[in-house]
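Participant:
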Amino acid sequence: MKILVPVKRVIDYNVKPRVKADGTGVDLANVKMSMNPFDEIAVEEAIRLKEAGKAEEIIAISVGPAKAAETLRTALAMGADRAILVETDAEVEPLAVAKILKAIVGEENPGLVILGKQAIDDDSNQTGQMLAALLGRPQGTFANKIDIDGDSVAVTREVDGGLETVKLTLPAIVTTDLRLNEPRYASLPNIMKAKKKQLDTKSPADYGVDITPRLKTLKVSEPPVRSAGIKIADVDALVAKLKEMGVA
Amino acid sequence: MKTLVWVEHDNAVVKDATLAVVTAAAKLGEVHLLVAGSGCRAVADAAAQIAGVGKVHLADNAAYEHGLAENVAPLVAELMGHHDAFVVPATSTGKNIAPRVAALLDVMQISDILSVEGEKTFTRPIYAGNAIATVESSDAKLVVTVRGTAFAKAEATGGSGVVEDVAGAGDAGLSSFVGAELAKSERPELTSAKIIVSGGRALKDSETFEQVIMPLADKLGAAVGASRAAVDAGYVPNDYQVGQTGKIVAPEVYIAVGISGAIQHLAGMKDSKTIIAINKDEDAPIFQVADIGLVADLFNAVPELTGKL
């Protein structure tokens, strides 16, 4: 079977985002960008399934600016077979991304689509569930473990109370949580090889999807700042503070 | 506006997370509830007592027992035919179901709202809470998930809602529930605890975590949390994780032990009323947000603290 892995180019998770002075967004000029960490986990999982003989082909997809091609090259260097860039400079909301992915699923017929559970820029946590809804397929969100068995997949999910396992009929949609796997680094030879792998460029219009945003961002502001408090000398001082607060 | 609130429950009791969502929904308009589950009439009866609640829709069907999104989303989408907003707690259940409903309704969901600014305008955190966006929806209907710590809890009693049975299509035949490993603990739940003691990578291993953190938590009647590093290293299970993608908490007192304070962790706890940090590295970023900082070796300081309380 084929596996589709959508990936997003986002601010690197080690960078502290700064709000623009004019309140229109977060300053991304000259900021290090990387593949969304949850999407790296998705790519890794697809590669492991291929290595285990459960999948034949991995197709990485990104919806975003021309530079998202770099993110796709990273996926190709990790082990994806080919890539599709749906190029647009507009900000594309999860619902529109899901619609584009639905159209690609229609062309490629993958057995699994594995997505990161959320992107660390907009923190929406929506695209996978929306894609599953649009396709009328089952969803295994926040996956901690994926086990394909014939025409179904068991997904162990990270939920508020611990772990929960659901069984989904294939084809299905899975979104990754942090502990599904530890993504590999691409080796230098693989980075070189990735440059020769197929990368097709499309546009949202090619898939007949209207990406006009439904949400209007009126402003982006800094969160209330917490200032550093006091340092205390020893445990006795801490005990005294806790007693003052009435918790001890 | 008529809102439909997802009641978080375990087929026996209404979970606390529901109450903050009722408060958020009440800012939009009339509050109606949906209790979807199996053998959960008692939940609906209890939910009807929540202050300010109107109708309680009860969908009692074996297919809804475990809240499978494939089965529940069509039920919600149908009820949304005569409601204007679906308002859901940003719990793992809510985050699983709400976007599936939104896509069925062709609506762009607004995730994790912090405040209601107008009929269709909300604030929400982006970039791990390092920025707050004010967004306005242009959709005819709303699908909103609510950050529980950002809203006061509605009173659990005093209301006089009316329970009304609704039928749904039931099993969509796409998925089934296999099993769960849910943590059983005598301690308070993380998201509603007044005090949290949280441990980081510095705790070394699961035994040390147990020996150092648990006695202090027990002494304080506190819930126990952890940083991602501690969970990844296997010291504690995943449901202990506090942070951008784990649990968002805002207790009266948050005690961070051996946690350096990565932005992803701060995103999950920086709205705590008082933050206390114990760390031997005086340059650790956690001290930039801590109200009270103690630079000390946790292996000496925490047992000493536990002993003196």
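Chains as they are written, first to last, in this note's numbering: chain A, 91 to 338; chain B, 1103 to 1411. Built from N, CA and C at the ideal position, the CB exists for glycine as well. Computed from a predicted structure; not experimentally measured.
(1) Give the interface partners of methionine 91 (chain A) over in chain B, defined as CB-CB distance under 7 Å, in chain order.
(2) DSSP three-state label for glycine 169 (chain A), please.
(3) May I have the straight-line CA-CA distance separating proline 1191 (chain B) from leucine 162 (chain A), to the nearest angstrom?
(4) How about glycine 1270 (chain B) and valine 1158 (chain B): do their beta carbons lie closer than 9 Å?
(5) Just the chain B side, please: which residues come within less than 7 Å of alanine 223 (chain A) by C-beta, in chain order?
(6) Using the three-state DSSP reduction, which class does leucine 1086 (chain B) fall into: helix, strand or coil?
(7) Ends of the beta strand (DSSP E) at lysine 309 (chain A)?
(8) Looking at C-alpha atoms only, which residue of B:Leu1318, B:Ala1304 and B:Gly1196 is the closest neighbour of valine 1248 (chain B)?
(9) Can the beta-carbon of alanine 1369 (chain B) be found closer than 9 Å to that of glycine 1231 (chain B)?
(10) Please state whether DSSP places alanine 1379 (chain B) in a helix, a strand or coil.
(11) Which one of A:Asp211, A:Gly115 and A:Lys189 has the shortest CA to CA distance from alanine 295 (chain A)?
(12) Assuming glutamine 1390 (chain B) and alanine 318 (chain A) make a contact with CB atoms under 8 Å, what is their CB distance in whole Å?
(13) Counting only beta-carbon atoms, is leucine 268 (chain A) nearer than 9 Å to chain B?
(14) If we cut at 9 Å on Cβ distances, does isoleucine 320 (chain A) have a partner in chain B?
(15) Kindly provide the ranges of any beta strand (DSSP E) runs that are 3 or more residues long and lie completely inside the stretch 1124-1204 of chain B, ordered along the chain.
(16) Spell out whether any CB of chain A is found under 9 Å from the CB atom of methionine 1103 (chain B).
(17) Starting from the beta carbon of alanine 284 (chain A), find every residue of chain B whose beta carbon is closer than 7 Å, and list them in chain order.
(18) Would you say aspartate 290 (chain A) and alanine 173 (chain A) are within 9 Å of each other, going by their C-beta atoms?
(19) Which residues in the same chain have their Cβ closer than 8 Å to the Cβ of glutamate 198 (chain A), if we skip the five residues on either side of it in sequence?
(20) Give me the residue from B:Tyr1342, B:Glu1238, B:Thr1376 and B:Asp1341 with the minimum Cα distance to valine 334 (chain A).
(21) Isoleucine 301 (chain A) touches chain B at which residues, Cβ-Cβ below 8 Å?
(22) With distances taken from CA atoms, which of B:Leu1130, B:Lys1286, B:Glu1291 and B:Pro1339 is nearest phenylalanine 1311 (chain B)?
(23) Could you check how far apart the C-beta atoms of valine 1109 (chain B) and threonine 1120 (chain B) are, in whole angstroms? I think they sit under 8 Å.
(24) Give me the Cα-Cα distance between serine 214 (chain A) and proline 314 (chain A), rounded to the nearest whole angstrom.
(25) Residues of the stretch 110-126 of chain A in Cβ contact with chain B at a cutoff of 7 Å, in chain order, please.
(26) For chain B, is any of its Cβ atoms less than 9 Å away from the one on aspartate 211 (chain A)?
(27) What number of angstroms, rounded off, separates the C-alpha of valine 1326 (chain B) from the C-alpha of isoleucine 301 (chain A)?
(28) Could you list which residues in chain B have their beta carbon closer than 9 Å to that of threonine 255 (chain A), in chain order?
(29) Pull the bridge partners of lysine 235 (chain A) from the DSSP assignment, please.
(30) Check arginine 1330 (chain B) in the structure and name its three-state DSSP category.
(31) Please list the segments of the beta strand (DSSP E) lying wholly inside the stretch 1269-1323 of chain B, counting only runs of 3 or more residues, in order along the chain.
(32) In the stretch 1390-1404 of chain B, which residues sit with their C-beta less than 8 Å from some C-beta in chain A, listed in chain order?
(33) In the DSSP assignment, the beta strand (DSSP E) including isoleucine 149 (chain A) goes from what residue to what residue?
(34) Could you check whether glycine 1345 (chain B) and glutamine 1313 (chain B) sit closer than 9 Å to each other, using their CB atoms as the reference points?
(35) Distance cutoff 9 Å, beta carbons only. Does valine 195 (chain A) sit that close to anything in chain B?
(36) How big is the Cα-Cα spacing for glycine 298 (chain A) and alanine 193 (chain A)?
Facilitator: For this structure:
(1) Those within 7 Å of methionine 91 (chain A) in chain B number zero; the least Cβ separation is about 17 Å.
(2) Note: glycine 169 (chain A) maps to coil in three-state DSSP.
(3) So the two alpha carbons sit approximately 34 Å from each other.
(4) No, these two residues do not count as a Cβ contact at 9 Å.
(5) Residues of chain B passing the Cβ test: Ala1175, Arg1202, Ala1205 and Leu1206.
(6) Outside the displayed span of chain B (1103 to 1411) sits residue 1086 (chain B), for which this structure offers no information.
(7) Per DSSP, lysine 309 (chain A) belongs to the beta strand (DSSP E) from 305-311.
(8) Ranked by Cα distance from valine 1248 (chain B), the first of B:Leu1318, B:Ala1304 and B:Gly1196 is B:Gly1196.
(9) The criterion of a C-beta distance shorter than 9 Å is satisfied by alanine 1369 (chain B) and glycine 1231 (chain B).
(10) In this structure, alanine 1379 (chain B) counts as strand in the three-state DSSP scheme.
(11) Answer by Cα proximity: A:Lys189.
(12) Sure, about 5 Å apart at Cβ, within 8 Å.
(13) Among the residues facing chain B, leucine 268 (chain A) is included, as its CB has a counterpart in that chain under 9 Å away.
(14) Chain B, which has a Cβ nearer than 9 Å to the Cβ of isoleucine 320 (chain A), makes this yes.
(15) List check, beta strand (DSSP E) in window: 1132-1139, 1155-1162 and 1187-1191.
(16) So no, methionine 1103 (chain B) is outside the interface.
(17) Chain-order list of chain B residues neighbouring alanine 284 (chain A): empty, with the shortest C-beta distance near 28 Å, by a criterion of under 7 Å.
(18) Yes.
(19) Leaving aside the five residues that flank glutamate 198 (chain A) on each side, the residues in its chain whose CB is nearer than 8 Å to its CB run, in chain order, Lys92, Leu94 and Ile149.
(20) A small correction: the amino acid at residue 334 (chain A) is glutamate; valine does not occupy that position in the sequence shown. Of all alpha-carbon atoms in B:Tyr1342, B:Glu1238, B:Thr1376 and B:Asp1341, the one lying nearest the alpha-carbon of glutamate 334 (chain A) is that of B:Thr1376.
(21) Within 8 Å Cβ-Cβ: nothing; isoleucine 301 (chain A) doesn't reach chain B, min ~11 Å.
(22) Taking only the C-alpha atoms, the option nearest phenylalanine 1311 (chain B) is B:Pro1339.
(23) Confirmed, about 5 Å.
(24) When rounded, the distance between both Cα atoms is 21 Å.
(25) Of all residues in the stretch 110-126 of chain A, Val116 have a Cβ within less than 7 Å of some Cβ in chain B.
(26) Using beta-carbon distances, aspartate 211 (chain A) counts as an interface residue toward chain B, with a partner under 9 Å.
(27) Rounded to the nearest whole angstrom, the CA to CA distance from valine 1326 (chain B) to isoleucine 301 (chain A) is 43 Å.
(28) Near threonine 255 (chain A) (Cβ distances below 9 Å), the residues of chain B are Phe1279, Val1280, Gly1281, Ala1282 and Glu1283.
(29) Within the DSSP bridge table, the entry for lysine 235 (chain A) names A:Thr246 as partners.
(30) Helix.
(31) If we require 3 residues or more, the beta strand (DSSP E) runs fully inside the stretch 1269-1323 of chain B come out as 1277-1284 and 1297-1301.
(32) From the stretch 1390-1404 of chain B, only Gln1390, Val1391, Ala1392, Asp1393, Ile1394, Gly1395, Leu1396, Val1397, Ala1398 and Ala1403 have a Cβ closer than 8 Å to chain A.
(33) DSSP places isoleucine 149 (chain A) in the uninterrupted beta strand (DSSP E) bounded by 147-154.
(34) Glutamine 1313 (chain B) places its beta carbon 9 Å or farther from that of glycine 1345 (chain B).
(35) Not a single CB atom of chain B sits nearer than 9 Å to the CB of valine 195 (chain A).
(36) C-alpha of glycine 298 (chain A) to C-alpha of alanine 193 (chain A): approximately 8 Å in a straight line.
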